[in-house]
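Mapped onto the working numbering, the consecutive letters of the sequence shown carry residue numbers 8 to 239. Glycine included, C-beta positions come from ideal geometry on N, C-alpha and C. Report on one structure; see the data block that follows.
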Amino acid sequence: MKDIFGKAILDFQTSNSPEDLVTETNISEADEMSVEYLFRSYKEMPKLEKKALQLAKGKVLDIGCGAGSHSLHLQKKGFDVTSIDISENAIKACQLRGLQNARVQNLLEVENEKFDTIILLMNGTGIFRTLAKTSNYLQKLKSLLNTNGQILIDSSDIIYMFDQEEDGGFIVPTDGYYGELIFTVTYKGETDVAFPWLYLDYNTLQNAAHDNGLQCELILEGKHFDYLAKLF
């Protein structure tokens, strides 16, 4: 991949003429996203993200940290935070912003470490990629938890994006789970390789958690089919 998302983050951090990101999925048209949104302060964050940060305890792992806004807030609060992302450019921006322990790493490659809180925000289930791979990721997350540790993760039930039949049922694909999307990101006229991204409805996440020996608790629901859950 070309790390286009990361390039946009680094451009914004270094004032290198940042432009809006353009995202598109296999079920939705192109949509512009301001890179500035990724640099939001705690006050500017949605209530689900604020709640997750309020619940953080002990040693924290921030997975898919992006521009590092969640990690920075926790670091300023005195938490020991490790921030990881697969984007080299995003991690460079995090380090420039002052994150003390930010590194380029895939979740599945984290070894010999334990955490009290693991956060995956801004549709944290996205990194699972597909429903079939969800168990692998949940097992990995479980292995990284200290005793009495917690995983704070958010997602959305995107059933609303599909057409409805007269009886109220939704017309969804028959060849897989409807939350499995293919994303394409374009920045400054350059398009990255398309990648899978998973949105999980709460019941499906809860079932997957139970199948992998984790408890799942619904913490908070947002205004638009989104939610925050705690796995432990």
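For THR141, the secondary structure class from DSSP, reduced to helix, strand or coil, is helix. Between the stretch 75-90 and the stretch 56-67 there are three or more C-beta pairs closer than 8 angstroms, enough to call the two in contact.
Inter-segment contact for the stretch 182-189 and the stretch 212-229 is absent: fewer than three beta-carbon pairs are separated by less than 8 angstroms. Separation of PHE19 and MET168 (C-alpha to C-alpha, rounded to the nearest whole angstrom) is 31 angstroms.
Looking at the backbone, the Cα of ILE178 and that of SER41 are separated by about 31 angstroms.
By the neighbour-count criterion, in which 16 or more other beta carbons inside 10 Å mark a residue as buried, TYR44 falls on the exposed side. Residue pairing from DSSP leaves ALA59 without any beta-bridge partner. With fewer than 16 neighbouring CB atoms inside 10 Å of its own CB, GLU173 falls in the exposed class. Assignment of MET168 by DSSP, reduced to helix, strand and coil, places it in the helix class. The bridge partners DSSP lists for GLN157 are THR124. Under the DSSP assignment, ARG110 falls in the beta strand (DSSP E) whose first and last residues are 109-111. When beta bridges are read from the DSSP output, CYS72 appears opposite no residue. Inter-residue distance for GLY176 and LYS99 is about 46 angstroms (C-alpha atoms, whole angstroms).
Under the DSSP assignment, THR211 falls in the alpha helix (DSSP H) whose first and last residues are 209-218. Boundaries around GLU95 are those of the alpha helix (DSSP H), 95-104, since no beta strand (DSSP E) includes it. Taking C-beta atoms as the reference points, PHE190 and THR30 count as a pair closer than 9 angstroms.
Annotated three-state conformation of VAL29 is strand, per DSSP.
Per DSSP, LEU45 lies in no beta strand (DSSP E) and is assigned neither H nor E. If the five residues before and after ASN108 are omitted, its C-beta is found closer than 6 angstroms to the C-beta atoms of THR89, all from its own chain and listed in chain order.
Measuring C-alpha to C-alpha distances from LEU151 to each of LEU235, THR198, PHE239 and GLN102 identifies PHE239 as the nearest. Taking 9 angstroms as the cut-off, the Cβ atoms of SER94 and ASN130 do not count as close. Counting only residues of its own chain and dropping the five nearest sequence neighbours on each side, PRO25 has a CB closer than 7 angstroms to the CB of ALA15, ASP18, PHE19 and VAL42. For the pair ASP199 and ILE34, the CB atoms are not nearer than the 9 angstroms cut-off.
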